[in-house]
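One structure below.
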Amino acid sequence: MSARIHGIDLARALAIFGMVIVNFKLVMGATTGSPLLLSLSGLLEGRAAALFVVLAGAGLTLTARKMQNHDLLHRKQMQNKVVMRGILLLCLGLIYLPVWPADILHFYGCYFILASWLLFASHRTLLTLCAVVVSTFPALLLIIDYSKGWHWETLTYLDLWTLDGLVRRIFYNGFHPVFPWFAFLLFGMWLGRQPLHNIATQKKLFVSALVTLIAVESTFYLLRSHAVESGMQDQDIRFLLSTGPIPPLPQYLVCATATAVLILISCIKLAQRFAHTTILKTLEKTGKLSLTFYITHVIIGMGILESLNMLGNQSIELALLSSLTFCLSACCFATLWSRKFTQGPMEWLFRYLIDRAEAYSGHFIPTRK
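Numbering of the sequence shown is given in my numbering, commencing with residue 19 and proceeding in unit increments.
If you want it as structure tokens, here you go:
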């Protein structure tokens, strides 16, 4: 259990670093420079955020396990707490949305609200619902125009603040829509229930994920090559045969999930062997402050880039250097902060708001005497 928790914190730090690279590359307009670096950084698009959601699912499982042997009342209280977390994340994300249009927090909130009903569901139920959510999205593509609301040239959602536009964006064609991104959380909940400390389980999951990733990526690479030779339009190829996150078709979900499994298992193995080392401890501390660094990489990190006139038309080398600078600064801050505090600034604020919400709701929710 200890190695699993340490491994999740380590993987969470890597997920944050990946999101910083992707988002800095986006706002800096890094489309020039080394083709190799452009390709490697492109692999993180949609994968870092997906890892973050899978880890959230695993974290919910660890929390729910504490209530596994409790009575129905305590389980219900646990579910209510997850709902409160979801509502708070949804509200915070919507407030944050004008600052960062690619925000994931409000999507996260919806995932948590839905997941509250499934904290104690069976393994089979979680995997079945995961498959249903994944298959729902291609069906929706046949019914609803995926481009509706988008101005793709500027990545602007035109009717975001209308009820129809907000619902469509959150559940269907936003950056991390509930259908099908909720499948990542469901899979993470299932994954968190596995005996990940067990060497045989680690090997089985790692090999399965690696084979799946190679098979799917290779298959769709060959399909794209064949489509080019047959004269298929490049736009149609990117839309139907891409393993990228827009649109989030089943092949992307499978590849991103497999990548998340590979990273999590690797992090648990590293935690089992090197948990005492300084670098691992530093990365774990950084992972524990993931909410703080997610918000500050936009407000502070991108704010500094804007003040230096570095938004747009920059090289991939400069974008990666800027990302590295922020990530190293985050590690230093996490190390210094953890000497006096057990929670990060935003983590403390979030916990405080949850406690206040629970205290307020306690006046209206009867408890057993």
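A virtual CB, placed ideally from N, CA and C, is assigned to each residue, including glycine.
Can you grab the Cα-Cα spacing for the pair residue i / residue j, in whole Å?
i      : j      : result
Asp254 : Gly319 : 35 angstroms
Ala218 : Leu280 : 15 angstroms
Leu223 : Leu69  : 15 angstroms
Ser153 : Leu112 : 28 angstroms
Pro116 : Phe125 : 15 angstroms
Arg256 : Ser341 : 27 angstroms
Asp121 : Tyr114 : 7 angstroms
Arg65  : Tyr378 : 38 angstroms
Ala293 : Val246 : 48 angstroms
Asp177 : Gly183 : 5 angstroms
Ile334 : Ala289 : 32 angstroms
Leu345 : Ser248 : Note that residue 345 is Cys in the sequence shown, not Leu. Their Cα atoms are separated by approximately 44 angstroms.
Leu241 : Trp168 : 28 angstroms
Tyr129 : Ala74  : 10 angstroms
Ser356 : Ala67  : 25 angstroms
Ile313 : His244 : 42 angstroms
Could you tell me which of the options sits nearest to residue i, measuring between CA atoms?
i      : options                           : result
Asn98  : Ile122, Leu78 and Val117          : Leu78
Glu171 : Leu44, Ser308, Leu209 and Ser340  : Leu44
Asn216 : Thr49, Ser284 and Leu240          : Ser284
Asp27  : Gly51, Arg256 and Ile297          : Ile297
Ala76  : Asp373, Pro213, Ile264 and Lys303 : Pro213
His24  : Ser347, Lys303, Gln269 and Glu63  : Lys303
Asp163 : Ser140, Arg187, Tyr239 and His141 : Arg187
Arg142 : Leu173, Met328, Trp208 and Thr174 : Trp208
Gly321 : Phe42, Ala29 and Phe35            : Phe42
Phe138 : Leu58, Leu90 and Thr50            : Leu90
Leu54  : Glu376, Leu338 and Met364         : Leu338
Ala31  : Ser165, Phe359, Gly51 and Leu301  : Leu301
Val150 : Trp199, Leu173, Pro119 and Ile131 : Trp199
Gly36  : Gly51, Gly60 and Phe351           : Gly60
Leu123 : Ser140, Arg103 and Gly47          : Arg103
May I ask you to list the residues that DSSP assigns as paired with residue i?
i      : result
Tyr175 : Trp168
With H, G and I counted as helix, E and B as strand and the rest as coil, what does DSSP make of residue i?
i      : result
Ser333 : strand
Thr50  : strand
Leu32  : helix
Val117 : coil
Gly362 : coil
Phe193 : coil
Thr304 : helix
Gly25  : helix
Leu214 : coil
Glu340 : The question names Glu, but residue 340 is Ser in the sequence shown. Three-state result, Ser340: helix.
Asn98  : helix
Leu288 : helix
Leu108 : helix
Taking residue i and residue j to be in contact with their CB atoms under 8 angstroms, please state how far apart those CB atoms are, rounded to whole angstroms.
i      : j      : result
His315 : Val38  : 5 angstroms
Phe189 : Phe197 : 6 angstroms
Leu203 : Ala133 : 6 angstroms
Thr275 : Glu235 : That belief does not hold up - the Cβ atoms of Thr275 and Glu235 are roughly 13 angstroms apart, past 8 angstroms.
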